[in-house]
Every structure is written in C-alpha cells, then in structure tokens.
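Let me begin by presenting the structure, written as structure tokens, before commenting on it.
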Amino acid sequence: MRRFLLAALTCIVLVGCNSKQVFHERVAFDDAQWCKDSLVRFSVAVDDTVQSYNVMFSIVNTDEYPYANLYVFSDVIFPNNQYVRDTVEFMLSTPDGQWLGTGMNGYENTFQFKSNVRFPQVGTYVFVFEQAMRCKNADCSVGGIKSVSLSLNKN
C-alpha cells in the first residue's frame, strides 16, 4: 500500500510540475558533435495569441566541450514566413572553469531564450538554431555537445 501511495504521489507531483509546459523537444547529436551545417529545427504549433510564454533553450554538454560558452544563431520563422534572426551567447562554465548545470551524463543548462512572449498569429512557428563557434576543424563542428532542447511554458 505504501508503494502505491508513493507512486501515486510521485505521479501527481510530476504532472503538476509540468502543467505549464506546452511544448518540449530534444535533439541529440551523434558522437556529441554539433556540426555547423546541422541546423536544429523545432516546429511549435501556437493556437493562443493572448497567452504569454517563456521560451526555454537547454544544452547538455560533456567535459570534452572545449569552451566556456556557446554562440548560437537563432531564427524564429512566423507562420507568414517572416522571421527574426539573432545571435545568442550561452555560458556553460564559470570564469574559473567549473561547469554549470546538473546531470549525471553531462551538464544540462536551461536558459530563458525569450521571455513573456505573445505570439501575434495562430499557426506553426519554427525555431532554428545553428552553432556559431569559430571553425577549428574541417567540418566546423564542436565536440562535447550532446543535445539541445526547446520548451515553451505558459506564464
């Protein structure tokens, strides 16, 4: 009986904690290598133009990642094909080299990519991310990035 109650309570807590999340998707990279030409796309269907959202971007890196930060080009493509392009820097370690983030199979950091966003149109928004680090090898890849993910949370 105790196990059942504990399992039921755990399920309730997990469902309750995620009730604001309306989208979450993760893209993993083979051999923890994010190549410059590997664009990551997330298609998010939006049907509410009144609700405000926080757009969260998560990165999982390993000890093999050679930098303290990660530069990323981002495009947000609207349903009418207009888009907004930006360059974003994500800090993955402290100035003294200590990794930020949590996890057992790498360090996961979650960043607030966009805050308090109201989408102006109903439809599908496409978020495109491209790593923008300076090339140090032939395929312009950075090692030590296991995955990235995008989440959309209601305010």
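Heads up: the sequence shown runs through residues 13 to 167, numbered per the working numbering. Cβ atoms here follow ideal geometry from the backbone N, Cα and C, with glycine treated the same way.
For M68, the enclosing beta strand (DSSP E) begins and ends at Y65 to N73. Relative to the Cα of N128, the nearest Cα in the group L164, S50 and R146 belongs to L164. In this structure, DSSP gives D42 a helical state, which the three-state scheme calls helix. For L164, the enclosing beta strand (DSSP E) has its first and last residue at I157 to K166.
Cβ contact annotation for K126 (same chain, cutoff 6 Å, sequence separation greater than five): V67, in chain order.
Look at the beta carbons and you see the segment 45–58 touching the segment 137–153: at least three pairs across the two are nearer than 8 Å. A residue is called buried once 16 or more other Cβ atoms fall within 10 Å of its Cβ, and S55, having fewer, is exposed.
Excluding five sequence positions before and after N73, the CB atoms of its chain that fall closer than 7 Å to its own CB belong to L104, G118, Y119, G156, I157 and K158, given in chain order. Per DSSP, Q143 is one residue of the beta strand (DSSP E) stretching across G135 to Q143. Judged by DSSP secondary structure, Y77 falls outside any beta strand (DSSP E); it is assigned neither H nor E.
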